[in-house]
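All remarks here apply to the structure that follows.
Numbering (my numbering), first residue to last: 1 to 378.
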């Protein structure tokens, strides 16, 4: 993934819109690309930054061969600058994005721009620290843009998640947008545009990037990750337009297999009222760790919904892999209008208890006991 328009998954309308702006010679001095997570906003912004600085742009993409494109291949172009949320390494010490630029470049090289804030914070080992674009960063932006471009007549300032700017930083950026340095294009990439300072939004041209289609995600999973068509389609439907979510689900294949085993065992043991084995099951789940226990309960909620929907004999509405579908063929009649709401409520309550640090052995054994009553077929 090297940040060309051809690398962007789907989004044909947004690609055409951005290429038309660049080719027209009337490129706005500031764009705000907005839309939900995992839809390709950042890859589009990277591809546009490359295209704007390319010495020999083609009708559909940058040339890939000029000195500018070669410099951009490792995200080290002297005229393309980045600002993004960071964390303070030590209390009271000012930090700027360049303190983390090597990690940032490595992440972009690995992902092609398909990133989210939790992944970036994991890269930084941020733990519970709050990520921001701090005031000092806007001083750095102003300093960088004060120089003339090195490789052409244009500079690009790409700001990822401008909604994470603190108030002072946002107001300083506003002044730059009001009087932009000559030849500079600002590209702001936002997941929460309503949280961006209103006066900043008013000085940008907004490009709304919609969620990806299930077809686009499924095609990517097949071509790039060799997933079988059926599994790719099911995973794409579950992703709800978020390629990152689909890829995370793909990586969690072993975890999902574990969750499937635990879910089916809970339901079978509860239905058979095998109390001793139910207690052993709860003790097994208790060893997983709190975060994995929460993920398991989310999986249980999804499988409950899928089982209920299965009763309507509309396969297109389901989003399960082959193993899950085979199980729900038999299990679906036990999740019906009488009990589906109660089952969902008990799963949500169990999740709340886990988040509140209630003893997990008690939480999961109690959950299994409640399933005894709720799984009575009506």
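Where a beta carbon is used, it is the ideal one built from N, C-alpha and C, also for glycine.
Treat the numbers as computed from the prediction; the structure is a model and nothing was measured.
Check, Outcome
"Neighbour-count burial assignment, residue 89, 16 or more Cβ in a 10 Å radius", "exposed"
"CB contact flag (residue 217, residue 247, <7 Å)", "no"
"Where residue 5 falls: helix, strand or coil (DSSP)", "helix"
"Helix, strand or coil at residue 89 [DSSP, three-state]", "coil"
"Neighbourhood of residue 255 by C-beta distance below 8 Å, restricted to the same chain and skipping five residues each side", "292 and 295"
"Straight-line gap, residue 17 to residue 183 (C-alpha atoms, nearest Å)", "20 Å"
"Which listed residue (258, 80 and 200) has its alpha carbon closest to that of residue 185", "80"
"Between the CA atoms of residue 9 and residue 220 - distance to the nearest angstrom", "7 Å"
"Outcome for residue 164 when other beta-carbon atoms lying within 10 angstroms are tallied against a minimum of 16", "buried"
"Entirely enclosed alpha helix (DSSP H) segments - the segment 58 to 146, minimum 4 residues", "67 to 72, 101 to 111, 117 to 124 and 135 to 145"
"Identity of the residues DSSP links to residue 187 by a beta bridge", "31 and 158"
"Continuous alpha helix (DSSP H) stretch holding residue 11: start and end", "Premise fails: residue 11 is in no alpha helix (DSSP H) and is neither H nor E."
"Pair within 7 Å by beta-carbon distance, residue 258 and residue 300", "no"
"Collapsed DSSP secondary structure at residue 205 in the structure displayed", "strand"
"Three-state class that DSSP yields for residue 362 in the structure shown", "helix"
"Buried versus exposed, by CB contacts within 10 Å (16 or more), residue 13", "exposed"
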